[in-house]
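In what follows, a single structure is set out as structure tokens and then discussed.
In the numbering used here, the protein residues as written are 11 to 269.
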């Protein structure tokens, strides 16, 4: 099974989630207690206790005849309700090769973000190879439109009136990010609209700079944004333009393939 980073160590919740994923991998055939416990490297007593609890909550079901655990109806219902994010998952899958190539060519962490109402949501990350890491986001992270290179690129891609409206609505949230003010965001917005790309010069996380470029997704007509982050000393003006040209080239090639 793929490993996941967790800040909770070997907590009960972490173990329960591990078991849930293990059962999901054998859906719909189901898995026995011994099979599942062995798959995740857990003793059978602990696995049995947690699997029983998950079944009691409706997230799993237990077949007393075959003695196997299956994904529960409540979990399936949750998945059904999450179908509205399916287009975002498809976009993530479609752009993974693009993100990977950009990360390889720039050697820096590369992010894919989309707009969700007044926020930007990072839906994928490609790891860079540069020895000094500048990773500041993970998949699923949300920031107000205007905070960060991708979030600013998405804000600047909106019609001006809509962008200004969102800026005003988000203004009370901006100071939570290193004391950023509404006036600063407005200035960055003007610059992004003028240049066609956004820049974050270490304002959120000291010594980490990033550039962001928004582009229209052919199938939906909506905008997505790719951003590349690096240590500030590495992201000078010349390199910034090199990175942006790599992003533009990869996005242009991807878009033409879908025309």
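Each residue gets a CB set at the ideal place from its N, CA and C atoms; glycine is no exception.
- Approximately 5 Å separates the beta-carbon atoms of residue 165 and residue 156; this is inside 8 Å, confirming the contact.
- For residue 154, there is no enclosing alpha helix (DSSP H); the enclosing beta strand (DSSP E) has its first and last residue at 152–154.
- In the three-state reduction of the DSSP assignment, residue 232 falls in the coil class.
- Apart from the 5 residues on each side of it in sequence, residue 52 has no Cβ closer than 6 Å to any other Cβ in its chain.
- Residue 208 places its beta carbon 8 Å or farther from that of residue 231.
- The region 173–182 makes no contact with the region 107–115; the number of CB pairs closer than 8 Å stays below 3.
- Under DSSP, residue 222 shares a beta bridge with 208 and 237.
- Residue 265 and residue 200 have their C-alpha atoms spaced approximately 26 Å apart.
- Counting along the chain, the unbroken beta strand (DSSP E) around residue 123 starts and ends at 119–126.
- Apart from sequence neighbours up to five positions away, no residue of its chain approaches residue 262 with a beta-carbon distance below 8 Å.
- Distance from residue 188 to residue 213 at the Cβ level is roughly 6 Å; contact confirmed, criterion being Cβ atoms closer than 8 Å.
- Going by C-alpha positions, residue 88 is about 19 Å away from residue 72.
- In the three-state DSSP reduction, residue 44 falls in the helix class (H, G or I).
- Residue 81 sits in a strand when the DSSP states are folded into three classes.
- DSSP links residue 134 through a beta bridge to 122.
- The alpha-carbon of residue 149 is positioned some 40 Å away from that of residue 75.
- Between residue 29 and residue 86, the C-beta gap is not smaller than 8 Å, which leaves the two residues out of contact.
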